[in-house]
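S.K.: Numbering (this note's numbering), first residue to last: 603 to 705.
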Amino acid sequence: MKYVVNVYGRDVVCASCVNAPGSKDTYDWLQAVLGRKYPDHDLYFNYIDMDRDENLSDYDQSIIERINEDELFYPLVAINDEIVQDGYVQLKPIQRWMDAKTA
Numbered sequence: 603m604k605y606v607v608n609v610y611g612r613d614v615v616c617a618s619c620v621n622a623p624g625s626k627d628t629y630d631w632l633q634a635v636l637g638r639k640y641p642d643h644d645l646y647f648n649y650i651d652m653d654r655d656e657n658l659s660d661y662d663q664s665i666i667e668r669i670n671e672d673e674l675f676y677p678l679v680a681i682n683d684e685i686v687q688d689g690y691v692q693l694k695p696i697q698r699w700m701d702a703k704t705a
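1. Pull up the CB-CB distance for TYR640 and VAL609, whole angstroms please, since I reckon it's below 8 Å.
2. Between PHE675 and ASP688, which are expected to be in contact by the criterion C-beta below 8 Å, what is the C-beta distance as a whole number of angstroms?
3. Using a Cβ-Cβ cutoff of less than 7 Å, which residues in the same chain neighbour GLN633 once the five nearest sequence positions on both sides are dropped?
4. Expressed to the nearest angstrom, what Euclidean distance is found between the alpha-carbon atoms of ILE685 and ASP651?
5. Using the beta-carbon count (16 or more within 10 Å), is MET700 buried or exposed?
6. Quick check: ILE681 and TYR605, are their CB atoms within less than 8 Å of each other?
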């Protein structure tokens with residue numbers, strides 16, 4: 603199965619996530635760790651800069667709108683257009699999601 607991992611973020615650290623890694627760092631970390639953890643999966647990673655990206659899908663725009671309205675926080679991780687984590691991103695919930703989908 604193909605997994606598209608989108609990380610939405612900004613260059614500026616989220617105000618409520620001051621001690622957490624930045625969005626780009628989260629993207630780089632997820633690429634490395636998920637690639638090692640799931641080497642047989644068809645993983646595709648995208649970093650979506652909420653301030654710079656153009657040609658976004660309606661789904662991407664709706665996520666960014668919800669973040670801008672403080673309904674969700676960034677960095678936000680969505681896999682196959684399903685929100686998995688937002689704000690302070692941790693590996694365990696992402697692994698649980700991946701394991702549930704591959705079981």
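Just so it is clear, CB atoms sit at the ideal spot from N, CA and C, and this is done for glycine as well.
Keep in mind that this is a model prediction, so the values were computed, not measured.
M.R.: With the given structure in hand:
1. No, TYR640 and VAL609 are not in contact; Cβ-Cβ is about 16 Å, not under 8 Å.
2. The C-beta separation of PHE675 from ASP688 comes to about 5 Å, placing the pair in contact by the 8 Å criterion.
3. Closer than 7 Å at the Cβ level, and outside the excluded window around GLN633, lie PHE647.
4. 16 Å
5. buried
6. Going by C-beta atoms, ILE681 is nearer than 8 Å to TYR605.
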